[in-house]
Amino acid sequence: MKRIKPWKMILLAALSLFVISACSGQGKEPAGNQPQAAAKEEGGTAAPPDPLGKYPETVTVTEVMGFNPPEDPRTPKGITPEQNAYLKDLKEMLNIEVKYKWTVPSSQFSQKFSLALASGDLPDILELDGKNFEKLKKQGMLADLTEAYNDYASPTLKKYMESDGGFAMKTYSQDGKQLGIPAFEDPFLSTQLLWIRKDWLDNLKLEPPKTMDELEMVAKAFVQQDPDQNGKNDTYGVVLQKNLFFWGFDARGFFNGFGAYPSMGDGQTAWIQDGSGKLLPGLIQPEVKTALGKLQSWYKEGILDKEFALKDENKAVEDITAGKVGISYGEWWYPNWPLNLNVDKDPNADWIAIQIPGLDGPGKSLVPKIRGDKVYAVNKKMKNPEAAIKMINFYIEMGNKEYLNQNQAEKGYVYNWFSPRIYNPAQIETIYTEVNKALEANQTEITLDDENYKNVADVFKATKDYLAGDTSNASKGVNWGQYFSRAAKDGGWGLTRQIKENQAFVNHEFYGLPTATQVEKGAQLDKLMQETFTKIIMGSSVDEFDKFVASWKSLGGDEITQEVNNWYSQQAVK
Amino acid sequence: MRTLKKEYLLHLMLLPGVIVTLIYAYGPMVGLVMAFQQFEPLSGFFHSEFVGFENFQYVFGLPDFKQVMWNTLVISLFKMVLHLLVPLILALLLNEVTRKWFSRFVQSAIFLPFFLSWTVLGGVIIELFSLSGPVNGLLTAFHMEPIMFMLDNDWFRGIIIGSDVWKGMGYNMIVMLAAIAGINANLYEAAEVDGAGKWKQMLHITLPGMAPIVILLAVLSLGGILNAGFEQILIMYNPTVYEGSDIIDTFVYRLGMFSQQFGPAAAVGLFKSVISLVLVSVTYYAAYKYNNYRIF
């Protein structure tokens, strides 16, 4: 009979063991609870904790990153995230070395991160959205940062975190444990404005629109009356892209003009008060139907691009840059990108910001109670959780005056690649007030001398250059972009401040972490919404909306409404 | 047993291949347990809760599932049939071309798109069929109304199928040409002596001679009946044409990647595999039984 040789047996056994262990690797580790002894040892040395203290031995920290191209055109070409000059300084100042497990373009980040999550292969420092935070928290993957934060957070960081009354910090803590450091910002940064080409209005002798009807008239004129006067029929009215509710070039502001508040920009419904202490899903209110009907007629008349449903934000930006379209809804930062590209391309281009037109007079924009869906957390397995806090301190520190000469884009500093990165929640407001103060007093330099210095000084310089017509440091568009988004009284932030003062906004009331049903059914509801709304705009019956509302409710919307209202009655600070 | 002893070196040489197969093809199958679990990534396979067939019930109960299933079947059936038919016709035609250089040139030209990735090709096709693209340019030149191909469910499906066939037809064509080349030339001579023309020769010699290969290709492709072309559709579709082009794979992709519902996603994957296995077995058996055709 057959006799299997012993060595074969061993080989087979080894092989099967190998296969089994290969697949179970990720299963076992997370269950264990690694002691955080190492962290204690470090903290236990004689010296008191120093927010920017240098480690005696190099501490290696792993991260993952979804990156956008550097924002500043002066950044050296071909630079990679690993070469970011911030990391070099971090190594020198704190002896922390950052290793990227992987880096992908930001558009692929959420998929890649899902995969990493599925395989349990997570980095030390985690940049999370609410949904992923909730997941990791539930599985006990997040380190308790209470001690690290108390001991190591710099006074500035603590000041930022307390600037909202400790509200955001509380959202990310559980049972007295701080599980994340939230990156929250001024909620009014989300205010919707209408950006419009003033030179086109002037060419056609039109006034900036105040109501929806006036806007429609202007938009029609932009389509039919050759606003750029090049003799060609090559312009359309209002820019729109396939994601109806997104972070830019979308329809949020348009809907707000109808008193409709469908979404904060993520495709999920926004939540507004119904006047009796309950929250309503804005996505399914009748005003949305009216607005959809209007979009449909705009589509038919050519005010919208016939193929908007094929366009992503990059295509929309191309149209703006190329001067094909003269109206876009959006936030305060547009001049800094992409309007500046258009200004550089077309010397006549002149964009202004106006309050969104409403049904009769200017409308109210949707503004969240809290802005910031980003939180930095630390993997439980990380030995030095305080390194994450120190890195946040480091980023804030780099804004001080003493680093200004060094911390320049052309020297390879790419701020939007550095993580964890926490801003002054009042950063834009600080810039606005400081720059204007210096302008009014006719100063040549700003007086402020703290961690906001770099940000304020950069804008001040661009503003001075723009007003003097000086293009030796940057192009006209770049200077104008900095000035008109952050410093101009009638510019992006200037107008946003007025809207805030005039109370011309409606609050999105839900700021809790995504509920169970939202996590589970969100993508499906999102798909249903995109499909129905796009089709209605392109010509399906507006009554499809009623069907959509029924489906939305039965597919999980009702449960979500219940969950959100439970949260509202129990946890929300009203 | 004696042969094993004699040839053990040869068997040893097989080992790396077997190991790779075990690791990459059989190893991951352990992951199938996910289909029966309320899978939590960080708890892994061993600590996630078992839920029996709940994931299957959940997925089959989703309102989109019927539509998705239907789309998958329609798209992939069309693709399968055309992927056999078009290369067959091309191969037969090319076989009759007598100028060598011309035949080689056409072969290469037809084979070329096979090597392009959908990532590139998808973008090209979207541009090609856009309102300002050349196809619509042609239509307007003939005074026809421009058509929004990519935003119309019927057209879009056609484009998905057509472009996939166009991209892939070279491969099967080469295989079929090889099959034709393998037919004994004596048969043709004999037929010519018997007075058969080109047409008769094709009907009675070429086609029967190719049959085994065509059947093989058909059987192999049947296994993929629930694969309607994930990458292609993911790159080319948009919300307006979900209705006609959302297939099982894109559906699972959204379920797994965006909702992070790994359990249900795995359940759909398993479901797909089972159907494929059954189909391949049945067709293989049928081919064997009725055509005495065997691969092994």
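Heads up: the protein sequence lines correspond to chains A and B, in order.
Taking UniProt numbering, the leading residue of the first sequence gets 1, the next gets one more, and so forth.
Taking UniProt numbering, the leading residue of the second sequence gets 1, the next gets one more, and so forth.
Idealized CB from N, CA, C, for every residue including glycine.
Option nearest residue i by Cα separation, candidates the options
i, options, result
"alanine 349 (chain A)", "A:Ala221, A:Lys464, A:Ile327, A:Gln83", "A:Ile327"
"asparagine 153 (chain B)", "A:Glu531, A:Lys553, A:Trp552", "A:Glu531"
"threonine 240 (chain B)", "B:Leu62, B:Ala196, B:Met150, B:Phe56", "B:Met150"
"valine 435 (chain A)", "A:Ala118, A:Asp449, A:Ile422, A:Tyr423", "A:Asp449"
"proline 187 (chain A)", "A:Lys210, A:Gln355, A:Ser163, A:Gln174", "A:Ser163"
"glutamine 224 (chain A)", "A:Met264, A:Asn314, A:Met212, A:Val325", "A:Val325"
"residue 575 (chain A)", "A:Arg371, A:Ala377, A:Gln427, A:Asp144", "Limits of chain A in this structure are 1 at one end and 574 at the other, which puts residue 575 (chain A) out of reach."
"threonine 60 (chain A)", "A:Glu520, A:Tyr568, A:Met382, A:Glu451", "A:Met382"
"tyrosine 329 (chain A)", "A:Gly277, A:Ser276, A:Gln192, A:Lys294", "A:Gln192"
"lysine 374 (chain A)", "A:Lys159, A:Ala183, A:Tyr100", "A:Ala183"
"leucine 73 (chain B)", "B:Thr283, B:Trp118, B:Asn227", "B:Asn227"
"alanine 211 (chain B)", "B:Gly224, B:Ala185, B:Leu10, B:Ala178", "B:Ala178"
"tyrosine 86 (chain A)", "A:Asp250, A:Tyr160, A:Gln406, A:Trp200", "A:Gln406"
"alanine 457 (chain A)", "A:Gly412, A:Glu402, A:Gly494, A:His508", "A:Glu402"
Cβ-Cβ separation, residue j to residue i (assumed contact under 8 Å), whole Å
i, j, result
"phenylalanine 245 (chain A)", "alanine 291 (chain A)", "Not confirmed; about 12 Å, so no contact."
"glycine 52 (chain B)", "isoleucine 235 (chain B)", "So it is not a contact: roughly 36 Å between Cβ atoms."
"lysine 306 (chain A)", "leucine 131 (chain B)", "6 Å"
"alanine 523 (chain A)", "serine 259 (chain B)", "4 Å"
"methionine 93 (chain A)", "lysine 54 (chain A)", "7 Å"
"valine 68 (chain B)", "isoleucine 247 (chain B)", "6 Å"
"leucine 194 (chain A)", "alanine 221 (chain A)", "So it is not a contact: roughly 15 Å between Cβ atoms."
"residue 588 (chain A)", "proline 362 (chain A)", "No answer is possible for residue 588 (chain A): the residues shown for chain A start at 1 and end at 574."
"phenylalanine 271 (chain B)", "phenylalanine 56 (chain B)", "7 Å"
"threonine 269 (chain A)", "proline 281 (chain A)", "4 Å"
"leucine 310 (chain A)", "asparagine 238 (chain B)", "6 Å"
"threonine 447 (chain A)", "alanine 438 (chain A)", "7 Å"
"tyrosine 332 (chain A)", "serine 485 (chain A)", "For the sequence presented, residue 332 (chain A) should be read as tryptophan rather than tyrosine. Indeed, because the Cβ distance is near 6 Å, the residues count as touching under 8 Å."
"methionine 173 (chain B)", "proline 113 (chain B)", "Not quite, the Cβ-Cβ distance comes to about 12 Å (not below 8 Å), so this is no contact."
Residues that DSSP places opposite residue i in a beta bridge
i, result
"arginine 104 (chain B)", "DSSP lists no partner for arginine 104 (chain B)."
"glutamate 97 (chain A)", "A:Thr60"
"serine 328 (chain A)", "A:Trp195"
"histidine 508 (chain A)", "A:Pro368"
"tyrosine 236 (chain A)", "A:Val325"
"threonine 103 (chain A)", "A:Met65"
"valine 252 (chain B)", "Beta-bridge pairing links valine 252 (chain B) to no other residue."
"phenylalanine 533 (chain A)", "According to DSSP, phenylalanine 533 (chain A) bridges with nothing at all."
"alanine 377 (chain A)", "A:Leu126"
"threonine 211 (chain A)", "A:Gly358"
Within 7 Å, strictly: CB atoms of residue i and residue j
i, j, result
"threonine 463 (chain A)", "tyrosine 483 (chain A)", "yes"
"glycine 556 (chain A)", "threonine 515 (chain A)", "no"
"glycine 492 (chain A)", "lysine 454 (chain A)", "no"
"tryptophan 271 (chain A)", "valine 564 (chain A)", "yes"
"phenylalanine 36 (chain B)", "phenylalanine 50 (chain B)", "yes"
"glutamate 185 (chain A)", "proline 425 (chain A)", "yes"
"asparagine 84 (chain A)", "threonine 58 (chain A)", "no"
"isoleucine 284 (chain A)", "tryptophan 552 (chain A)", "yes"
"alanine 287 (chain B)", "valine 219 (chain B)", "yes"
"proline 357 (chain A)", "threonine 235 (chain A)", "no"
"phenylalanine 46 (chain B)", "alanine 118 (chain A)", "no"
"residue 305 (chain B)", "glycine 170 (chain B)", "This structure cannot speak to residue 305 (chain B), because chain B is shown only from 1 to 296."
"lysine 380 (chain A)", "alanine 143 (chain A)", "yes"
"lysine 88 (chain A)", "proline 123 (chain A)", "no"
"aspartate 312 (chain A)", "serine 475 (chain A)", "no"
"phenylalanine 67 (chain A)", "proline 81 (chain A)", "yes"
"serine 154 (chain A)", "proline 49 (chain A)", "no"
"asparagine 393 (chain A)", "leucine 201 (chain A)", "no"
"threonine 62 (chain A)", "lysine 99 (chain A)", "yes"
"arginine 197 (chain A)", "alanine 409 (chain A)", "no"
"phenylalanine 129 (chain B)", "valine 135 (chain B)", "yes"
"methionine 176 (chain B)", "alanine 91 (chain B)", "yes"
Contact the region 151-164 of chain B vs the region 68-86 of chain B: 3+ CB pairs below 8 Å: Flag = yes, the region 151-164 of chain B and the region 68-86 of chain B touch.
Any 3 or more C-beta pairs closer than 8 Å across the region 254-267 of chain B and the region 91-105 of chain B: The answer is no - the region 91-105 of chain B does not touch the region 254-267 of chain B, with fewer than three Cβ pairs under 8 Å.
Segment contact, 8 Å Cβ cut-off, at least three pairs: the region 123-142 of chain A with the region 332-341 of chain A: Between the region 123-142 of chain A and the region 332-341 of chain A, the count of Cβ pairs shorter than 8 Å is below three; the stretches do not touch.
Cβ pair count under 8 Å reaching 3, the region 308-321 of chain A against the region 222-242 of chain A: Three or more Cβ pairs closer than 8 Å define a contact, and the region 308-321 of chain A meets that threshold against the region 222-242 of chain A.
Given 8 Å, three or more beta-carbon pairs between the region 141-148 of chain A and the region 370-387 of chain A: Inter-segment contact for the region 141-148 of chain A and the region 370-387 of chain A is present: three or more beta-carbon pairs are separated by less than 8 Å.
Given 8 Å, three or more beta-carbon pairs between the region 293-310 of chain A and the region 273-282 of chain A: Short answer: they don't touch.
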